[in-house]
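To start, the structure itself, in structure tokens.
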Amino acid sequence: MDSVLEMKDICKTFYGDGIVVKANDHVNFSLNKGEIHAILGENGAGKSTLVNGLFFPPDSGHIFINGVEVNLDNPLTAIKEYKLAIARQDLSKSLIERHTVAENILSFSEGFFLSLAEIERAIKKALQKFNLGDINPKAKVWKLSGGEKQRVEILKALITNPSILILDEPTAMLTPPEIERLFSLLKNLKEEGKSIIIITHHLEEAINLSDRITVLRHGEVVGVLDTQKLRKDYANEKEAIMHLASLMVGKEVLYDLHQDKVHTGTIVVELDDAVVNNDMGDAVVHGISLHLKTNQILGLAGISGNGQRELIEGLFRWRNLEKGRIKIRGQDVTNKPIKKVRELGVAYIPEDRRKALIFDLSVRDNLMLNSYQNSKSLIIDRSRIIPETEALIRRYNIKTTSPLSPIRSLSGGNRQKVVVAREFSLKQGKDLILIAENPTFGLDVGTTQFVREELLRKRAEGAAILLVSSDLTEIMSLCDEIAVIFKGKIMGIISRENATREMIGLMMGGAHQTEVLV
Amino acid sequence: MRILNHRLFFQKRIEPITGINAILFRIAFLLFGLVVAGLIFLLNGVNPIITYIDMIRVNLLLIPNTIARFIPLLAIGLGLAIPFKARVDNIGAEGQYIIGMLTATGTAFLFPDLPGIILIPLMFVNAFILGAIWAIPVVLFRAKGGFQGADVVVSFLLVFPALYLMEWLVSDLWRDPETGFTYSSLLPENAQLPKIPGTPIYISIFLILAITLLVYYFLFRNIDGIPKLKLGYEINVMGKNPLAGRIAGMSFFRVILITMIFSGGMAAIAGVGEVAGNALRLGVKSQGYGYTGIAVAYLGGLNPLGIIVSALFFAALKVGGLALTGIPATVLQLFSGIIIFFVLLSEFFFRFTIKMRRES
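Sequences listed follow chains U and G, in order. Counted from 1, the first sequence has number 470 at position 470 by this note's numbering; the numbering is strictly sequential. Remember, this note's numbering sits 518 above the position in the second sequence when you count from 1.
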């Protein structure tokens, strides 16, 4: 078969914050005509970097299109001359939120005179042709849901009629039926002779959709597999997936988490009928009620962008509740200052480390962020804090040259350990209420395992934990109860024993609990 | 920037420069500044080395005068260091300083009959309060408004009302009818600050030195990385990452309110000393100590002990200017401008370093 695209010896290194990351280390990649080629890898394996090399030149390497070496030094040549198109992963960067759908796509139109009306017509036609559902071209992008934005991004790529289509994690924000439709669309495009690259970290997607799979790990290619052959070699899909998974994560294997049986205790946090607005002033949480109990992990599952962030910020008093009330241990804390909420033992592990860590201050300064307030007077109790912070560093095995080194000098995993150490030690036993937002996001396997074990340990000690995660595996393996959020509403709360991945998946796509329980 | 096939770029430092290295680093930048300023002297036909030696000699002869100049610079520099540490850029110390002078004068003219032992403390207290009030809009706009740079804009703009208020008061209400120049009347004798006999050094030096040492002890001196007061820690956190501080339950508003009250108050106290200890009457022009104070605070590494040294340095520059006879006055201003520029430049290189990378 002739390859339409070949990338040889691609290297790309990122320098930032004192860290040198070899995102692509002599990567070779080829795409055949009329195939769907999946690029598989964990977060940070270098998948997006590789395809971005087609639009911005990599540090070194050669790129061939239809056998001819090309110099792709800016996105426009790639799009216009070589008929490449990409739907990017980070929608906040690739779509202009304040503009309408049509205005976002306008930049690809040809000709001197721009006609919005024409673009809008073209969009409507394309939406129908590609079966991407109904989106109003006049709608402002920030008003769209995550799934709609994703479809706009995909449409943006398709509308140029590319011969090579690249989709970077296209399913992250889509619901299962939408994913279904996208995949059948991709298969049709393949029939038409287009070549497609799809980046994913979902193993099932890769196996079910693609013709070939390139697996990346730490910026290097660890395998190029033929999907047909893969299916033949393994007795069933599950084993094939296991094989892919071990390629993807390497030798480090996730061992099973040990979850003690504990009796769920009393209610400590009552959130009733909460309505929260987003930054634009639109309600994105519509009357959610949640109860947190001691000795329990309540999972909040959902595709990101469905109001989780606003709900947490409302619960944590970072944002005002427009309606509804919050009671913690019987005390009404509706719209009370964060300090008050903190004093009642609410610990918080945000997804964004910048919300939790002061990179320029020392490990000790970061560890004492909560506990410095524990003395009555204006003076900090040094004699208490020094042994405390040193004990935390030992207990959580934080690798640092000294307690006085800045956080900036620590590795990503150790940075997160600092957050976990501090927040987990806010209160002991049943006094701790913990809100954890994707606490293992971007961590290596070892630290991920560590954080999950700590969560379970705290649960056994009596803490009430709310775990917000977009990782279904994490939710399924840790939680006692799972609440599913969709478009700012709770679709249902199921106990783990009764839950299956499929049920949760359907609810994440907007099905109500009553529809999925049989 | 590209040079041949190398690319130059700025990178944030991972390990901060601390201790003796930080001091050497600052001194190195000062030397750069002196060299560049020296080139300008050369262009004016003046030998910079002789000039610098002259400046040192003048200072050695006039040590008490240098110390008298040092008092307001220390007060303002110290007052600025605290909001700077909390990343509130109060560049309007000049305005707060002028308000201090006006308040002192006004208080003295209102109660000319009070005995000095009551009147002088009253002048200080009033000035501190009004100087702080002059700084409070900065807090409101910075903490409650949506605009991050509000502190810079508001604090700077507040200099001008203070300046014009002074012009009006001096040329109208408080004008001394006996001189032809626009000066206010002399302050009554019981409002004048006592001096160390035989020197121009007035007594507020003791007050300000005491405050400096107290601030150092309570807010800046870290033992095992921990300051004495909770406030000191909160200032550190707010200065580096206000978001994390607020999520931990700190009040951004409270922290910057305290820092700005202190800052405005200290600048105003400097103003009291200047009018009641040095000039003894108001003119329509201000000395610009408020602006120099910014460089004093940064050259001192935002640390009270360092600020003592840097305030002495800038005071010496000011007194040393007396040695620069035969040079246009603008060159003298250019000279201090260059020094201030290099001081602020060193702050940038404290946080960033230049790296070079080979590119294909």
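Note that the Cβ used here is the ideal one computed from N, Cα and C, for glycine as well.
- When the Cα atoms are used, Ala347 of chain U and Lys427 of chain U turn out to be separated by approximately 8 Å.
- In this structure Ala206 of chain U is in contact with Leu40 of chain U, their Cβ atoms being roughly 5 Å apart against a cut-off of 8 Å.
- Contact annotation for Pro601 of chain G against chain U: no contact, minimum CB-CB distance about 18 Å [criterion: below 9 Å].
- Assigned with DSSP and collapsed to three states, Ala235 of chain U falls in coil, not helix or strand.
- A straight-line Cα-Cα distance of about 18 Å links Gly305 of chain U and Ala87 of chain U.
- Classified as buried, Tyr615 of chain G has 16 or more neighbouring CB atoms from the shown chains inside 10 Å of its CB.
- Judged by beta-carbon spacing, Val268 of chain U lies beyond the 7 Å limit of Leu298 of chain U, meaning their Cβ atoms are not closer than that value.
- In summary, Leu578 of chain G is exposed, with fewer than 16 beta-carbon neighbours lying within 10 Å of its beta-carbon over all protein chains present.
- Per DSSP, Glu497 of chain U lies in no alpha helix (DSSP H) and is assigned neither H nor E.
- Under the Cβ criterion of 7 Å, Asn759 of chain G is counted among the residues facing chain U.
- Contact between Gly413 of chain U and Thr447 of chain U holds: CB atoms are separated by about 4 Å, below the 8 Å threshold.
- Contacts with chain U at 7 Å (Cβ-Cβ) include Lys748 of chain G.
- When only Cα atoms are considered, Gly324 of chain U and Asp273 of chain U end up about 5 Å apart.
- The residue among U:Gly265, U:Ser495, U:Leu455 and U:Leu186 with its C-alpha nearest the C-alpha of Leu132 of chain U is U:Leu186.
- Exposure of Asp631 of chain G is indicated by the presence of fewer than 16 other C-beta atoms within 10 angstroms of its C-beta.
- The beta carbon of Ser689 of chain G lies closer than 6 Å to those of Thr700 in the same chain, with the five residues before and after it left out.
- For Asn370 of chain U, the neighbours in chain G by C-beta distance under 9 Å run, in chain order, Ala766 and Gly767.
- DSSP places Tyr720 of chain G in the strand class (E or B) of the three-state scheme.
- Taking all protein chains shown into account, Phe547 of chain G has 16 or more neighbouring C-beta atoms within 10 Å of its C-beta and is therefore buried.
- The count of Cβ pairs closer than 8 Å, one atom from the segment 802-811 of chain G and one from the segment 597-614 of chain G, reaches three, so the stretches are in contact.
- Taking a Cβ-Cβ threshold of 7 Å, none of the residues of chain U is close to Asn523 of chain G; the smallest such distance is about 12 Å.
- A residue is called buried when at least 16 other Cβ atoms come within 10 angstroms of its Cβ; Phe853 of chain G meets this threshold and is buried.
- Residues of chain G with a Cβ closer than 8 Å to the Cβ of Gln373 of chain U are, in chain order, Lys748 and Gly767.
- Within chain U, no C-beta atom comes less than 9 Å from the C-beta of Val733 of chain G; the nearest is roughly 14 Å away.
- Residue contact with chain U for Val755 of chain G: present (Cβ-Cβ distance below 7 Å to some residue of chain U).
- Among the bridge pairs identified by DSSP, Gln308 of chain U is matched with none.
- For Glu35 of chain U, there is no enclosing beta strand (DSSP E), as DSSP marks it with neither H nor E.
- Gly146 of chain U and Leu174 of chain U have their C-alpha atoms roughly 8 Å apart.
- When the beta-carbon positions are compared, Asp9 of chain U and His26 of chain U come within less than 7 Å of each other.
- Taking 7 Å as the threshold, the shortest C-beta distance from Gly743 of chain G to chain U falls below it.
- Per the coordinates, the alpha-carbon of Met684 of chain G lies some 7 Å from the alpha-carbon of Leu620 of chain G.
- The alpha-carbon of Asp332 of chain U is positioned some 16 Å away from that of Trp318 of chain U.
- Scanning the segment 707-762 of chain G from its first residue to its last, the whole alpha helix (DSSP H) runs of 4-plus residues come out as 722-733 and 748-758.
- For the pair of segments examined, the segment 238-246 of chain U was found not to touch the segment 65-73 of chain U: the number of CB pairs separated by less than 8 Å stays below three.
- Neighbours of Glu707 of chain G across chain U, judged by C-beta separation under 7 Å, do not exist; the nearest C-beta is about 41 Å away.
- Exclusion of the five residues before and after Gly314 of chain U leaves Ala274, Val276, Val285 and Leu321 as the residues of its chain whose Cβ lies within less than 7 Å of its Cβ.
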